Each structure stands twice: as C-alpha cells, then as structure tokens.
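Just so it is clear: in the sequence shown, position 66 is 69 by the numbering used here, and no numbers are missing.
Here a beta-carbon is modelled for each residue, glycine too, at the ideal position from N, C-alpha and C.
Keep in mind the model is a prediction, meaning the values are calculated, not measured.
A quick write-up on the structure given underneath.
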Amino acid sequence: MKKHIFLLTFLFASSFIVDAQSVTEIFQKNRIINLVADDTYGAGNDWEKIFESYYDEFDGTAIGLRKKLVIYDDGKAIVSHATRNQYSLFDSDGKFQKDISLHFADPDRKPQNIKQAFGYINGLFFTQANMMGDIYFFDSNGLIVKVIRIHYGTSDMLVLDDSHIAIYGSTSWGKKHRYFVSILDINTEKDTIIYDKFRDFSEFWDENGFTNASESRKREMDFSINILKVDDRLLISCPTEPTIKIFDFQGNKISGQRYDWNQNYLSVEEQLNYQKERISYLKECLSEVDEITDKKYRKRNTRSLNDLISRYEKGLNEIKEPFGMGWFTIAISGGENIFFFGEAKKAGENSFHVYHVKNGKTISENTLRCNDYDLAITKKRLVFHNGYFYGIQELKKCEGNPLRLVRFKIEAE
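Right, dumping it as structure tokens:
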C-alpha cells in the first residue's frame with residue numbers, strides 16, 4: 004500500500020495537466036510543455052471526408068495544408084480551405100457541423116477571388132480582403148450580408164471589439180513599398196493607419212554581385228509585422244525590432260516595451276550551412292526546368308536560376324562574422340501573455356518566451372513537444388484559446404488522411 008501511495012505522489016509531482024483556470028501557473032518557470040490531444044474533441048468526425056481538400060494541388064504544387072483556423076469566443080471553430088469556396092464549421096466540442104460556401108442573396112451576383120475567413124465580429128464571419136480590396140462579411144449559412152472595400156492588400160486581420168478590426172496591410176508608395184497597421188471601423192467603413200514603415204524597391208535585390216541568404220531572410224523579417232490582442236490592448240511587434248508597441252483600440256499609442264532577452268545570432272557555420280542549403284535547393288529546381296515544355300519559359304527560368312546559384316556561391320566567400328536575426332520569428336497570443344517563438348535550429352524543435360504584457364517581462368522560456376502529431380507552429384494553424392492549444396495538424400501514425408482539427412491539453416514535465 005505504501006508503494007502505491009509513493010508511486011502516485013511521484014507521478015503527480017513529475018507531471019500534471021492544467022485546466023483553463025490554472026494555465027497561467029504552468030508558465031511561471033521554464034518547462035517542456037507536452038501537447039496531449041483531447042480525444043473527446045471532434046470524436047466521431049469523418050476526417051477523410053471533412054478534410055478531403057488535404058489532397059488538393061495547384062499547378063502541380065500540394066496546397067492541402069494551406070488552411071486557416073479561427074477559434075471564436077465561445078470555442079466554436081471555422082476552417083478555411085485554400086483556393087476553395089469552402090468553410091468548415093465546428094461546434095465548441097469539435098463536432099463537425101457543416102460546410103458552407105459564400106454567396107449573395109442575388110443569385111446573379113458572384114463573390115470574386117474569395118479568401119480565407121480571418122475572424123468573427125457581431126455575429127458575422129469575415130474574410131481577408133481579396134485582390135479588389137473587398138472584405139466579405141457572411142453568416143453561418145454563407146450568405147454575404149455586407150461588403151467593405153479597402154484600397155490595399157492585407158496579410159493579417161484581428162478583431163479588437165464589436166466595431167474595430169486591426170489590419171496588417173501593404174501597398175505601393177511611389178518608389179517604395181509601405182507596410183502598415185490600420186484600424187478599420189466596420190460601422191463607418193473608415194480606417195486609420197497607426198504604424199508604418201517603408202521599404203525601397205531596390206532592397207528586393209542585392210546590388211553587390213552576391214547574395215547572403217541569411218541577410219535576405221532577415222530583410223523579409225524586417226517587414227513581418229505581428230498584430231496581437233491582450234485584454235483591451237493592441238500590440239504590434241516586428242521580429243527585428245527590440246520593442247513592442249502598445250495601442251488602445253482607437254489607435255492611440257500607450258507605450259513601448261523592450262524585449263528582455265537577447266536577439267538571436269547565426270554563427271558563421273550556421274550561415275554557411277543555410278547558404279549551402281539554398282544552393283542545393285536551387286540546383287534541384289534547375290534540374291526540373293527541363294520538364295517545362297515552353298522553350299522561351301524554360302530558357303528564361305534556366306538563366307534566372309543559374310544567375311541566382313552564381314550569386315549564392317559568391318556569397319559563401321562573404322560570410323565572415325555572426326549575424327543578428329532578431330528576437331523571434333512568430334508571435335502567438337496566449338491569454339494575458341504572448342508566446343514569442345524563436346528560430347528552430349532543427350526540424351521539429353522549438354522554443355518560446357512567455358512574455359507577460361501587463362508586467363512587461365518574460366516569465367519563462369519553454370519548449371512545445373507533441374508525440375502524436377507533426378506540430379506545425381504557424382499563426383494560421385496553431386491557436387491558443389482559454390487554456391488550450393487548437394490546431395490544424397497532421398497525425399503521425401495514421402492510415403488515410405492524417406489531417407485533424409485537434410484540441411491540445413497542456414501537460415507540463
């Protein structure tokens with residue numbers, strides 16, 4: 004009997020599963036966080052049928068994982084399928100409800116260039132703006148009841164309250180490209196830009212005769228703006244900038260907070276390895292060019308790829324010192340915290356800082372681990388809500404379609 008008591012005590016001491024109420028406590032110290040699938044969530048769903056778009060291809064490229072997950076306040080979910088006018092609805096227990104497609108009340112009017120659903124506001128879903136700048140607001144039957152047109156492209160959209168949506172957008176601006184965050188009032192249909200930065204078109208191409216793959220990647224990160232919401236605050240963060248900008252929902256800047264960890268550096272060896280990986284990838288692409296039937300197109304692609312390979316090979320000789328790559332790569336809202344994920348050194352590895360916004364400091368650094376799923380950490384396919392991680396993820400050991408909508412319980416080692 005004493006052995007049994009000792010064993011139970013040991014098990015409870017070595018690991019525990021937290022519920023939504025105690026989730027904050029788990030992030031108070033550095034841990035390995037195991038994500039354990041909740042088997043009751045979505046039980047009985049026919050995933051082969053629900054996610055048959057997993058097998059979709061576009062122009063020979065697999066696009067079945069290009070999906071967007073939105074979990075709204077009451078725990079219900081909507082999943083968008085790339086290139087399809089298809090949106091899958093699930094209840095708060097993960098049970099599949101139905102697929103809907105967008106349409107107008109007038110059967111002669113057709114929605115154009117349909118995009119993924121990015122949020123839920125005032126009882127309506129809304130899509131990312133399409134090429135014309137149209138944002139479609141639609142109900143649970145797919146009926147489009149409102150259209151707002153903006154005049155720029157959108158990369159991310161975030162519901163702030165019943166009237167306002169934050170938008171990460173971009174547009175051409177003379178000889179530059181403008182990246183910005185705006186707040187759209189859905190009642191007046193007016194938007195206000197509260198933060199912006201400019202990129203000269205010349206920065207899209209190296210003028211020095213060689214290309215450093217790490218520097219090119221960092222330049223892209225310079226304009227990878229993250230918009231997040233914590234309580235009644237809008238937060239704007241950029242991987243290569245040392246501060247978080249904090250605004251209210253009317254666009255007034257409240258403060259800025261500096262990250263309290265050092266930025267990530269790539270060593271010379273890491274840069275060289277990444278450079279060589281890019282060269283190998285380009286050579287693989289070059290070997291496939293012969294399959295192109297159009298002679299002019301084949302010749303143009305061959306010339307472009309050879310030029311890129313030459314620039315990358317010259318760049319190998321220019322890598323001589325460590326290179327700063329910023330403070331994070333992906334930021335995900337986590338209740339009263341933000342999870343700042345760093346650059347993974349190897350496939351399947353990850354680490355993230357848990358940043359408590361109200362206190363303005365990091366409370367821990369953790370690692371996510373998932374034994375049953377190939378964990379994809381992206382803002383579109385992994386969401387934190389009310390003490391759980393939700394994701395569109397691939398089951399490792401599975402016959403047939405491996406794609407699932409899954410709710411992960413948090414188990415700390």
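Residue 45 carries a coil assignment under DSSP once its states are collapsed to helix, strand and coil.
Per DSSP, reduced to three states, the secondary structure at residue 384 is coil, with no helix or strand assignment.
Counting the other Cβ atoms within 10 Å of the Cβ of residue 332 gives 16 or more, which makes it buried. Judged by DSSP secondary structure, residue 273 falls within the alpha helix (DSSP H) whose first and last residues are 271-291. Taken atom to atom, the span from the alpha-carbon of residue 196 to that of residue 166 is near 16 angstroms. In this structure residue 128 is buried. Its beta-carbon is surrounded by 16 or more other beta-carbon atoms within 10 angstroms. Annotation: residue 312 is outside any beta strand (DSSP E); the continuous alpha helix (DSSP H) that includes it extends over 298-318. In the DSSP assignment, residue 176 falls within the unbroken beta strand (DSSP E) covering 167-176. Taking C-beta atoms under 8 angstroms as the contact rule, residue 200 and residue 182 qualify, at a distance of about 5 angstroms. Between residue 246 and residue 329, the C-beta spacing is not below 7 angstroms. By the Cβ test, the region 331-347 is not in contact with the region 292-305, since fewer than three Cβ pairs between them sit closer than 8 angstroms. Between residue 145 and residue 105, the C-beta spacing is below 7 angstroms. Look at residue 220 here: in three-state DSSP terms it is helix. The C-beta of residue 40 has 16 or more other C-beta atoms within 10 Å across all chains shown, which makes the residue buried. Within a 10 Å sphere around the beta-carbon of residue 397 sit 16 or more other beta-carbons, which makes this residue buried.
By the C-beta density criterion, residue 84 is buried, having at least 16 other C-beta atoms within 10 angstroms. Approximately 6 angstroms separates the beta-carbon atoms of residue 371 and residue 353; this is inside 8 angstroms, confirming the contact. Straight-line measurement puts the Cα of residue 122 at about 14 angstroms from the Cα of residue 149. Under the three-state reduction of DSSP, residue 117 is assigned to coil, being neither helix nor strand. Within the same chain, and ignoring the five residues on either side of residue 132 in sequence, the residues whose Cβ sits closer than 6 angstroms to its Cβ are 138, 153 and 157.
Contact check for residue 340 and residue 30: beta-carbon distance about 6 angstroms, within the 8 angstroms limit, so the pair qualifies.
A Cβ-Cβ distance of about 5 angstroms is found for the pair residue 368 and residue 33, placing them in contact under the 8 angstroms criterion. For residue 190, the closest C-alpha among the options 249, 168 and 175 is that of 168.
Here the C-alpha atom of residue 286 lies approximately 11 angstroms from the C-alpha atom of residue 313. DSSP, read as helix, strand or coil, puts residue 185 in strand. Ranked by how close their Cα comes to the Cα of residue 362, the residues 262, 393, 323 and 404 have 262 in first place. Given a length threshold of 3 residues, each whole run of the beta strand (DSSP E) inside the region 42-91 is given here in chain order: 70-74 and 80-84.
Following the DSSP letters along the chain, one finds residue 359 inside the beta strand (DSSP E) bounded by residues 355-359.
Taking C-beta atoms as the reference points, residue 399 and residue 377 count as a pair closer than 7 angstroms. DSSP places residue 160 inside the beta strand (DSSP E), whose first and last residues are 156-162. In the same chain as residue 88, and ignoring 5 residues on each side of it, the C-beta atoms closer than 8 angstroms to its own belong to 104, 105, 114 and 117, in chain order. For residue 254, same chain residues with a beta-carbon under 7 angstroms away, outside a window of 5 residues either side, are 186, 195 and 197 in chain order. With a cut-off of 8 angstroms on Cβ pairs, the region 221-238 is not in contact with the region 271-291, counting fewer than three such pairs. Nearest to residue 336 by alpha-carbon distance, out of 311, 305 and 386, is 386.
Non-local beta-carbon contacts of residue 282 in its own chain, meaning distances under 7 angstroms to residues more than five positions away in sequence, involve 312, 315 and 316 in chain order. Under the DSSP definition of a beta bridge, residue 267 lacks any partner.
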